[in-house]
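These notes concern the structure reproduced below.
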Amino acid sequence: MGWIHTRSNPRLPEIQLGLEVHTGLSFGRCSSGVLNDAAANTVALSFEDGPDPVWTRRILASLDASGTRATFFVASPRAVVWPEVIEEIADAGHEIGLHCGRHLVHPSSSEASVRQDAEVALSVLSSQNVEVRLWLPPCGQVAPFSGDLARRLGLQLVSWTIDPIGDASGSIDGVIDRVTTELNPGSIIRAHDGFDDGARAAAACELSLEMIRPLTDHLEARGYEAVPVGEIASRVLDLTVDPSVAEPPLPV
Numbered sequence: 080m081g082w083i084h085t086r087s088n089p090r091l092p093e094i095q096l097g098l099e100v101h102t103g104l105s106f107g108r109c110s111s112g113v114l115n116d117a118a119a120n121t122v123a124l125s126f127e128d129g130p131d132p133v134w135t136r137r138i139l140a141s142l143d144a145s146g147t148r149a150t151f152f153v154a155s156p157r158a159v160v161w162p163e164v165i166e167e168i169a170d171a172g173h174e175i176g177l178h179c180g181r182h183l184v185h186p187s188s189s190e191a192s193v194r195q196d197a198e199v200a201l202s203v204l205s206s207q208n209v210e211v212r213l214w215l216p217p218c219g220q221v222a223p224f225s226g227d228l229a230r231r232l233g234l235q236l237v238s239w240t241i242d243p244i245g246d247a248s249g250s251i252d253g254v255i256d257r258v259t260t261e262l263n264p265g266s267i268i269r270a271h272d273g274f275d276d277g278a279r280a281a282a283a284c285e286l287s288l289e290m291i292r293p294l295t296d297h298l299e300a301r302g303y304e305a306v307p308v309g310e311i312a313s314r315v316l317d318l319t320v321d322p323s324v325a326e327p328p329l330p331v
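So the sequence shown is numbered by the numbering used here: it starts at 80 and just counts up by one.
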């Protein structure tokens, strides 16, 4: 269970998002899913790699100012260091999902190591009274074992459909242009609220913050409602991962 759009692959079935139809994609990321009519005017905004005491709080303030709810996919080592920020995310009415502990990319990791990493991360979040339903794997990539593992952990795999920031080398105008060009009913927009090291990672957080206000204004003008990822995922019918079409993972 999980989906992402990166490039067309005719071996995969089509993914229907509302009234729009897109070709399924490769790298073991997704298979098919159909959004029901209730999701026709909804999109989701997701943040990953946090929490961060500076960026997450600035992003929370911007989301609050625009009246937008989002989903924060948490890296558990950062949750250990800044549990108060996790609490602030929850108190603001946002959804919290699992990202990872050690950023293990599933196709290049063993099932045992990914399982242990996820179990430790879930234990951290559980100790902070966070109930997790969604799992965004590192780089949005899944392996043949990912779907079954997610089910055993009681999680639903998800990913993004639009990655407007990419390597963070662009401008905010380019970020907004990419979102508005690729936006469809049920789109999940990727952003960042945390990072480990490096100017590029910090730039991704800066662009994520700058994106919020113009993006939410655009969504409102087009009649879209921004909701947490879980509200999109709950409206997807028959969403599955097909490991038979997996290809080598993208470089990390």
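For each residue, glycine too, the CB sits at the ideal point set by N, CA and C.
Where the beta strand (DSSP E) through residue i begins and ends
i	result
H271	267 to 271
Rounded C-alpha distance that separates residue i from residue j
i	j	result
W214	G265	17 Å
R279	D246	7 Å
F224	P186	9 Å
G103	L201	Bear in mind that the predicted position of G103 carries a pLDDT of just 31, short of 50, making it unreliable; the figure below should be weighed with that in mind. Straight-line Cα distance between these residues: approximately 30 Å.
G273	W134	7 Å
E198	I267	25 Å
F151	R269	10 Å
S141	R292	7 Å
N263	L139	25 Å
T295	S145	7 Å
A171	V211	16 Å
F126	E285	12 Å
V353	P132	Since the first residue shown for the chain is 80 and the last is 331, residue 353 is missing from the structure and cannot be characterised.
V36	L298	The first residue shown for the chain is 80 and the last is 331, placing residue 36 beyond what the model contains.
R194	E163	26 Å
E167	G176	14 Å
S238	C218	9 Å
S188	G226	15 Å
G302	N120	7 Å
beta-carbon residue i near the ligand PLP non-hydrogen atom, thresh 7 Å
i	result
P216	Annotation note on the ligand PLP: not contained in the displayed structure, which lists no ligands.
Residues bridged to residue i [DSSP beta-bridge criterion]
i	result
T121	E304
I333	The question about residue 333 has no answer here: the residues shown for the chain are numbered 80 through 331.
W214	L177, L236
I241	I268
Assigned secondary structure, residue i (DSSP; H/G/I helix, E/B strand, else coil)
i	result
V153	strand
P322	The predicted position of P322 is uncertain, since its pLDDT is 46 and thus under 50; no value can be drawn from it.
G129	strand
S225	helix
V209	coil
V184	coil
D246	coil
S287	helix
Proximity below 8 Å, CB of residue i to CB of residue j
i	j	result
S287	I244	yes
L183	S192	yes
A158	P130	yes
A156	G180	One point to set straight first is that residue 156 is Pro, not Ala, in the sequence displayed. Yes.
V308	A154	no
L228	E190	yes
I241	V258	yes
D128	H271	yes
G173	R148	The sequence given here has His at residue 173, not Gly. Closer than 8 Å, so yes.
I251	E289	yes
Q207	I165	yes
Residue-level contact to chain C via CB, residue i, 8 Å cutoff
i	result
S287	Given the protein chain composition of this structure (a single chain), no chain C is represented.
Span of the alpha helix (DSSP H) around residue i
i	result
P162	162 to 170
A191	190 to 206
L139	134 to 145
V258	251 to 261
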